[in-house]
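The structure under discussion appears below in the form of structure tokens.
In the numbering used here, the protein residues as written are 165 to 540.
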């Protein structure tokens with residue numbers, strides 16, 4: 165009875181610990197969900213929260229979600245090297261995760277990293293794998309955000325590799341998926357991203373009015389969630405419409421608002437575009453003082469971007485070489501094992517046939533001796 169009572173106490177204690185651990189895990193998961201809005205608003209804060217959650221988490225899925233939060237925040241800052249580093253780190257836990265949604269999210273993000281590095285074939289591989297996994301989900305509507313990301317990245321790739329007409333088709337598909345969850349702030353931010361990129365495509369196609377409509381939509385969505393970087397991008401896009409129309413003063417006004425909004429964002433690509441457009445528009449109105457100021461800023465940022473891109477590309481190439489080397493080593497290891505297995509089988513065969521040969525020779529010798537005895 166005492167032992168039984170003791171076991172009951174231990175069991176209750178273990179269940180209590182499990183409950184505490186489960187509650188703590190849920191709190192961490194909730195923190196990740198709540199922090200997704202900070203990816204665009206305050207990426208540094210999102211990175212800090214992600215690192216804290218990663219260290220506290222005990223479940224592989226929570227660790228992966230924390231790493232994804234960090235990776236996406238670095239992506240928002242255009243720090244592709246760091247973003248890739250944390251995205252690739254998720255692969256350590258991928259086989260331990262049963263959630264198909266999480267695995268799709270990881271594959272999408274790694275696909276995005278390769279798209280940013282212009283390694284398009286590798287990016288499509290990850291995106292295709294993600295889409296293949298999505299077919300295992302019985303309710304496709306629950307995957308709207310993940311499918312939206314997948315279509316968005318494909319839109320970026322096809323815009324570069326093929327044409328804006330094809331890219332617009334994927335941007336529209338992404339928009340429709342994100343719109344299904346328009347109450348979610350992260351999805352609203354994604355709608356801002358999509359409409360901004362649609363605006364750029366319409367500019368390339370010389371459809372200025374369609375571009376203006378989409379840039380204004382992008383501004384609206386960005387303001388709704390307080391996403392300063394997205395707001396600045398959309399304002400920059402709208403300024404290009406005014407520049408094409410020869411309304412240089414209006415363009416400068418939009419760009420100055422974009423510059424102010426992006427002052428604490430730290431996005432080099434965004435700053436490069438703002439400074440370049442400001443220098444062009446000041447030149448158009450013969451204001452050489454501000455033209456020189458912003459052209460200098462543009463040149464400095466462009467140099468920093470080139471240096472960062474080269475570092476990131478070198479890192480990515482090293483990762484691909486490591487993957488290739490690992491695969492080659494595994495193949496060679498398997499070949500070595502197969503060779504030894506073959507040698508052992510041959511040796512066993514030789515021993516078996518040798519044994520049979522000796523026995524048969526012995527029987528033949530005995531039979532021959534009996535025959536000679538009978539003859540005698």
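Built from N, CA and C at the ideal position, the CB exists for glycine as well.
What you are looking at is a predicted structure, and each value in this text was computed from that prediction instead of being measured.
Does residue 468 pass the burial test, meaning 16 or more other C-beta atoms within 10 Å, or should it be called exposed?
Here the question's residue 468 lines up with position 304 in the chain shown. Exposed, since its Cβ has fewer than 16 Cβ neighbours within 10 Å.
Along the chain, where does the alpha helix (DSSP H) containing residue 257 start, and where does it finish?
Taking the first residue of the chain shown as position 1, residue 257 is located at position 93. No alpha helix (DSSP H) holds residue 257; DSSP gives it neither H nor E.
Might you give, ordered along the chain, the residues of its own chain that have their beta carbon closer than 7 Å to the beta carbon of residue 393, omitting 5 neighbours on each side?
Numbered from its first residue, the chain shown carries residue 393 at position 229. Contacts found: 204, 240, 426, 429, 431, 434.
Please classify residue 243 as buried or exposed, where buried requires at least 16 neighbouring CB atoms within 10 angstroms.
By one-based count along the chain shown, residue 243 stands at place 79. Classification for residue 243: buried.
Using a Cβ-Cβ cutoff of less than 7 Å, which residues in the same chain neighbour residue 528 once the five nearest sequence positions on both sides are dropped?
Position 364 of the chain shown, counting from 1, holds the residue named residue 528. Bear in mind that a pLDDT of 48 at residue 528, under 50, signals an unreliable position, so the model cannot answer this.
Using the beta-carbon count (16 or more within 10 Å), is residue 282 buried or exposed?
Taking the chain shown and counting its residues from 1, the one referred to as residue 282 is at position 118. Exposed, by the Cβ-count rule.
Please return the same chain residues whose Cβ sits closer than 7 Å to the Cβ of residue 225, not counting the five positions on each side in sequence.
Here residue 225 is taken as the residue at index 61 of the chain shown, counted from 1. Closer than 7 Å at Cβ, skipping near neighbours: 261, 263, 266.
In this structure, how does DSSP classify residue 185 when only helix, strand and coil are distinguished?
Position 21 of the chain shown holds residue 185. Low confidence applies here, because residue 185 scores a pLDDT of 46, under 50, leaving its location unreliable and the question unanswered by this model.
Between the Cα of residue 212 and those of 221, 287, 234, 228, spot the shortest distance and give me the residue it belongs to.
In the chain shown, residue 212 corresponds to position 48, counting from 1. Residue 212 has its Cα closest to that of 234, out of 221, 287, 234, 228.
Can you name, in chain order, every residue of its own chain whose Cβ lies under 7 Å from the Cβ of residue 295, other than the five neighbours on each side?
Along the chain shown, one-based indexing puts residue 295 at 131. These residues qualify, in order along the chain: 314.
When DSSP labels each residue in this structure, what does residue 317 get in the three-state scheme?
Within the chain shown, residue 317 is the residue found at index 153, counting from 1. Of the three classes helix, strand and coil, the one that applies to residue 317 here is helix, per DSSP.
What is the DSSP secondary structure of residue 217, reduced to helix, strand or coil?
The residue labelled residue 217 in the question sits at position 53 within the chain shown. Looking at residue 217 - three-state DSSP - the assignment turns out to be helix.
Please confirm whether residue 342 and residue 354 have their CB atoms less than 9 Å apart.
On the chain shown, residue 342 is found 178 positions in, with the first residue counted as 1. On the chain shown, residue 354 is found 190 positions in, with the first residue counted as 1. A contact, by the Cβ cut-off of 9 Å.
In whole angstroms, give me the CA-to-CA distance for residue 370 and residue 258.
Walking along the chain shown from the start, residue 370 turns up at place 206. Walking along the chain shown from the start, residue 258 turns up at place 94. Cα to Cα, the separation comes out at about 44 Å.
Check residue 359 in the structure and name its three-state DSSP category.
The residue labelled residue 359 in the question sits at position 195 within the chain shown. Correct three-state label for residue 359: helix.
Since residue 428 is in the alpha helix (DSSP H), which residue starts that stretch and which ends it?
The residue labelled residue 428 in the question sits at position 264 within the chain shown. Segment: none, residue 428 is in no alpha helix (DSSP H) and carries neither H nor E.
I'd like to check one pair, residue 446 with residue 465: are the Cβ atoms closer than 9 Å?
The residue labelled residue 465 in the question sits at position 301 within the chain shown. The residue labelled residue 446 in the question sits at position 282 within the chain shown. Against a cut-off of 9 Å, the Cβ pair of residue 446 and residue 465 comes out as no contact.
Ignoring anything shorter than 3 residues, give me the beta strand (DSSP E) runs that lie fully in the region 386-424, in order along the chain.
DSSP runs (the beta strand (DSSP E)) wholly in the region 386-424: none.
Within the same chain, show all residues whose beta-carbon is closer than 6 Å to that of residue 237, passing over the 5 residues directly before and after it, in chain order.
Within the chain shown, residue 237 is the residue found at index 73, counting from 1. Cβ neighbours of residue 237 beyond the five flanking positions: 203, 207, 210, 211.
Hey, how far is the Cα of residue 413 from the Cα of residue 388?
Residue mapping note: residue 413 aligns to position 249 of the chain shown, counting from 1. Residue mapping note: residue 388 aligns to position 224 of the chain shown, counting from 1. About 27 Å.
I need the DSSP call for residue 310, collapsed to helix, strand or coil.
Within the chain shown, numbered from 1, the residue matching residue 310 stands at position 146. Residue state, collapsed to three classes: helix.
Using three-state DSSP, classify residue 460 as helix, strand or coil.
For this step, residue 460 is matched to residue 296 along the chain shown. Correct three-state label for residue 460: helix.
Are there 16 or more other CB atoms within 10 angstroms of the CB of residue 444, so buried, or fewer, so exposed?
The residue labelled residue 444 in the question sits at position 280 within the chain shown. Residue 444 should be labelled buried.
Over what stretch of residues does the alpha helix (DSSP H) that includes residue 232 continue unbroken?
Within the chain shown, numbered from 1, the residue matching residue 232 stands at position 68. Note, residue 232: alpha helix (DSSP H), 224-240.
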